[in-house]
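Participant:
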Amino acid sequence: MKFHYYALSAAIAWLPGCTWVEPTKESSGVTLVKSYNVNNCKKLGSTNATVTQKVGPLTRDDDVVMEELITLAKNRAAKMGGDSIVAKEPAVDGSMSFDIYKCAE
18 MKFHYYALSA AIAWLPGCTW VEPTKESSGV TLVKSYNVNN CKKLGSTNAT VTQKVGPLTR
78 DDDVVMEELI TLAKNRAAKM GGDSIVAKEP AVDGSMSFDI YKCAE
């Protein structure tokens, strides 16, 4: 019985740090940049990324959530033919908006 308790405790402690969003091969060419870096780029559109902020009563690690939001935005930018993303505002409750740009020719 003690083993089950420890296994469950370990799983609960580990779960908030899990990453569930995987980058696509194409998204490796997409970079998160500041808005002043896209002055000579073509804006292709925008995207809203949303991931799970809470798992049951547990709040996921902010760095992991941010990493997943950026990965989702990069994946979507790659599908649109973009090579750069710019965060429009800080993340709130597991959601964040990005503009997508094509800078390289």
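Each residue of the sequence shown is one higher than the one before, counting from 18 in our numbering.
Even for Gly, the Cβ is constructed at its ideal location relative to N, Cα and C.
(1) If you check the beta carbons only, do Tyr118 and Lys51 fall under 7 Å apart?
(2) By DSSP, does Val81 sit in helix, in strand, or in coil?
(3) Let me confirm a value: Glu85 is counted as buried when at least 16 other C-beta atoms fall within 10 Å, else exposed. Which label applies?
(4) Please look up how many angstroms separate the CB atoms of Gly62 and Ala95, rounded, as I've assumed it's under 8 Å.
(5) Could you check if Ala66 is buried or exposed, using at least 16 other CB atoms within 10 Å of its CB as the buried criterion?
Facilitator: So, from the data block:
(1) no
(2) helix
(3) buried
(4) Incorrect: roughly 13 Å between the Cβ atoms, too far for contact.
(5) buried
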